[in-house]
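Notes follow the structure.
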Amino acid sequence: MKTYLVTGAAGFIGANYIKYILGKHSDLRVVVLDALTYAGNLGTIVSDIDNDRCIFVKGDVCDRSMAEELFAQYKFDYVVNFAAESHVDRSIENPQLFLTTNILGTQNLLDAARRAWVAGKDTQGYPLWRKGVRFHQVSTDEVYGSLGIDGYFTEDTPVCPHSPYSASKASADMVVMAYHDTYKMPVTISRCSNNYGPFHFPEKLIPLIIKNILEGKKLPVYGDGSNVRDWLYVEDHCKAIDLIVRQGTDGEVYNVGGHNEKTNLDIVKLTIATIRQLMTEKPEYRTVLKKKEKDAQGAISIDWINEGLITFVKDRLGHDLRYAIDPTKITRELGWYPETKFENGIVKTIEWYLNNQSWVEEVTSGDYQHYYDKMYGSR
Ligand code: NAD
45 MKTYLVTGAA GFIGANYIKY ILGKHSDLRV VVLDALTYAG NLGTIVSDID
95 NDRCIFVKGD VCDRSMAEEL FAQYKFDYVV NFAAESHVDR SIENPQLFLT
145 TNILGTQNLL DAARRAWVAG KDTQGYPLWR KGVRFHQVST DEVYGSLGID
195 GYFTEDTPVC PHSPYSASKA SADMVVMAYH DTYKMPVTIS RCSNNYGPFH
245 FPEKLIPLII KNILEGKKLP VYGDGSNVRD WLYVEDHCKA IDLIVRQGTD
295 GEVYNVGGHN EKTNLDIVKL TIATIRQLMT EKPEYRTVLK KKEKDAQGAI
345 SIDWINEGLI TFVKDRLGHD LRYAIDPTKI TRELGWYPET KFENGIVKTI
395 EWYLNNQSWV EEVTSGDYQH YYDKMYGSR
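When the letters of the sequence shown are read in order and numbered with my numbering, they come out as residues 45 to 423.
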């Protein structure tokens, strides 16, 4: 039985990851460490932690003594670090929090792991390492900066972040590699493109657009909507991390991407079209609409769900034009490829939100509305 420390697993990708590995492997147990910030929600993983293979600990990755105690108590085999402040817009508002959590939090975990791994000293006083403990850092394609209209990020692309968020993630990656080079710790890093899927917090593009459509609100799009992102279904990302953690080579970076580039405007238009299609095929979904207009037949109307809802808002400061990942290395070395076609993934995602409105209400019941009004006004 291997023991995993998975940080940030009450958030979007971490929650999907623990659900995936607990279902896939019977020979592991998971300790979740999460501070439950605005982006973390215990309800997302309550069915997973109601299980002796998954233990929840509320805590901050920056807390040194707690990290040491956890490592001493559970003797982890793997650490998978998802915990982060993850929203670029919020990093523009409050950079320091991002630097603290994303860089110092990572370094604190690395240190706790390093101290836990020392098995003794050799005759010259140098540390002897316990074998078999691995640290995986979940990073992002944003560390590479922005592409023009051509080309892809490979693992050899120089790191060149532009936002406080991406700068903090790039710094954390460098600290992880420094621990590998200096202390010979077994580490891996994955740099993934934009994820979408269930449990995505509705401040990010796709769930925000779904939520606003269902509420009959305007759909805010930055600038002229031409920024390009490469979208990957979250479960495909989780599968990639599982492979890297188990079979990846120490000291290596793996790019993970969907080969699925779309402009933000395309994403919004596709989301509108998919919601209309689903509500046409399954009219029972129309009952979740908050805007209740009747059509000529007296049924709940979806005529108003159209591209006229789109509203262009002031562009994000320093908005990167295009991200696109070349995932050749992980395909060649570990046999990973993006299994979920976007046309299917977006339908699965929207259906999940239509069927899980109580989750959306729960996670947006706090200061979400205050943040939303500050960013977009109360449209
Ligand atoms: P998220 O914001 O949904 O979740 C982050 C989680 O971390 C939350 O549960 C939060 O409570 C927790 N957390 C925050 N600060 C903490 C602290 N100090 N101590 C302990 N826990 C803390 O983020 P996400 O979208 O799931 O992203 C997870 C990771 O994947 C991040 O490291 C992010 O950089 C990376 N990533 C995300 C994407 C994406 O598209 N969302 C793409 C590539 C990489």
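Built from N, CA and C at the ideal position, the CB exists for glycine as well. Computed from a prediction, not measured in an experiment: that's the story for all the values here.
Here GLY292 has THR232 as same chain residues with Cβ atoms under 6 Å from its own Cβ, once five neighbours each way along the sequence are excluded.
Setting aside the 5 residues that flank it on each side, TYR420 is surrounded in the same chain by PRO264, VAL357, each with a C-beta closer than 7 Å to its C-beta; the list follows chain order.
Exclusion of the five residues before and after GLY389 leaves TYR277 as the residues of its chain whose Cβ lies within less than 6 Å of its Cβ.
In the DSSP assignment, GLU296 forms a beta bridge with THR232.
In the DSSP assignment, GLN291 falls outside any beta strand (DSSP E) and lies within the alpha helix (DSSP H) extending over 278 to 291. As summarised for the stretch 97 to 159, the continuous beta strand (DSSP E) elements at least 3 residues long and confined to that stretch are 98 to 102, 122 to 125, given in chain order.
Closest in C-alpha terms to LYS228, from the list VAL272, LYS373, TYR170, GLY301, comes TYR170.
Listed in chain order, the non-local C-beta contacts of LYS255 below 7 Å within the same chain comprise PRO246, VAL404, local neighbours out to five positions each way being set aside.
Residue environment: GLU325 is assigned as exposed (fewer than 16 neighbouring CB atoms within 10 Å of its CB, all protein chains considered). For ALA127, the closest alpha carbon among the candidates GLN401, ASP166, THR81, ALA156 is that of THR81. Residue nearest to LEU258 within the set LYS283, THR331, ASP217, SER183 is THR331 (criterion: CA-CA distance). According to the DSSP assignment, HIS180 belongs to the beta strand (DSSP E) that extends over 178 to 184.
DSSP, read as helix, strand or coil, puts PRO208 in helix.
DSSP places PRO382 outside both helix and strand once states are collapsed to three, so it counts as coil. The closest heavy atom of the ligand NAD lies less than 8 Å from the beta carbon of ALA83.
For TYR196, the secondary structure class from DSSP, reduced to helix, strand or coil, is coil.
Not one heavy atom of the ligand NAD falls within 8 Å of the beta-carbon of THR384. The bridge partners DSSP lists for GLU305 are ASP274. With a cutoff of 9 Å on beta-carbon distance, VAL297 and ALA368 are scored as not near each other.
Excluding its 5 nearest sequence neighbours in each direction, GLY103 has C-beta neighbours in its own chain below 7 Å: LEU77, ALA79, MET110, listed in chain order. Closest option to ASP268, judged by alpha-carbon separation, among LYS248, GLY260, LEU309: LEU309. Under DSSP, VAL265 shares a beta bridge with PHE356. Spatial neighbours of ARG108 in its own chain (CB-CB distance under 7 Å, excluding positions within 5 residues in sequence) are listed in chain order as ASN152. With a cut-off of 8 Å on Cβ pairs, the stretch 407 to 415 is not in contact with the stretch 333 to 347, counting fewer than three such pairs. The distance from the Cβ of GLY241 to that of ASN60 is about 6 Å, consistent with a contact at the 8 Å cut-off. Contact annotation: HIS206 and GLY189 have beta-carbon atoms nearer than 9 Å.
Taking C-beta atoms as the reference points, LEU66 and VAL75 fail to come closer than 9 Å. Counted as a single uninterrupted DSSP element, the stretch harbouring ASN238 is not any alpha helix (DSSP H) but the beta strand (DSSP E) occupying residues 238 to 240. TYR48: not part of any alpha helix (DSSP H); member of the beta strand (DSSP E) spanning 46 to 51, first to last residue. Remark: the shortest separation between the CB of GLU113 and any heavy atom of the ligand NAD does not fall under 8 Å.
A distance criterion of 8 Å places the beta-carbon of LEU77 in contact range of the ligand NAD, judged by its closest non-hydrogen atom. For ALA83, the closest of THR167, ILE394, GLY52, THR201 by C-alpha to C-alpha distance is GLY52.
A straight line joining the alpha-carbon of MET45 with that of GLN117 spans about 15 Å. No Cβ-Cβ contact shorter than 9 Å links HIS180 with ILE62. Counting along the chain, VAL74 sits inside the beta strand (DSSP E) bounded by residues 72 to 78. Residue GLU129 holds the alpha-carbon nearest to the alpha-carbon of GLY58 among ASP121, GLU112, TYR266, GLU129.
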